[in-house]
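I have placed the structure first, in the form of structure tokens, so that the comments after it can refer back to it.
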Amino acid sequence: MKFILIAAAMNLQMTYPNQEVCQQALDTVIKQDPKAICIPKGEDKSTDMFNQFFKMVDKLQEME
1 MKFILIAAAM
11 NLQMTYPNQE
21 VCQQALDTVI
31 KQDPKAICIP
41 KGEDKSTDMF
51 NQFFKMVDKL
61 QEME
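Going by my numbering, the residue at position 44 of the sequence shown is 44; the numbering climbs one at a time, nothing skipped.
Here is the structure:
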């Protein structure tokens, strides 16, 4: 509970890039707090847009 209060006060955002990393963290944290949950970070639209752009550039380079 103390960590949650400190994290909220300092605006710390605990995010994990995927479900596997999230589960590893949960396995560690659940020993301290059995009610702990893990929500992996979703992919944001700007990252998705850049990924699509780079895929398109790769395809254009393959066409040459």
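Note that beta-carbon positions come from the ideal geometry of N, C-alpha and C, so glycine has one too.
Within-7 Å CB hit, residue i to chain D
| i | result |
| --- | --- |
| I39 | Considering every chain present, this structure includes no chain D. It has just one protein chain. |
Straight-line gap, residue i to residue j (C-alpha atoms, nearest Å)
| i | j | result |
| --- | --- | --- |
| A25 | K35 | 14 Å |
| K55 | I30 | 39 Å |
| S46 | Q32 | 35 Å |
| E20 | F50 | 24 Å |
| K59 | D48 | 17 Å |
Close-in-space but distant-in-sequence residues of the same chain around residue i (CB under 6 Å, 5 per side omitted)
| i | result |
| --- | --- |
| C38 | C22 and L26 |
Where the alpha helix (DSSP H) through residue i begins and ends
| i | result |
| --- | --- |
| A25 | Q19 to V29 |
Close-in-space but distant-in-sequence residues of the same chain around residue i (CB under 7 Å, 5 per side omitted)
| i | result |
| --- | --- |
| Q52 | none |
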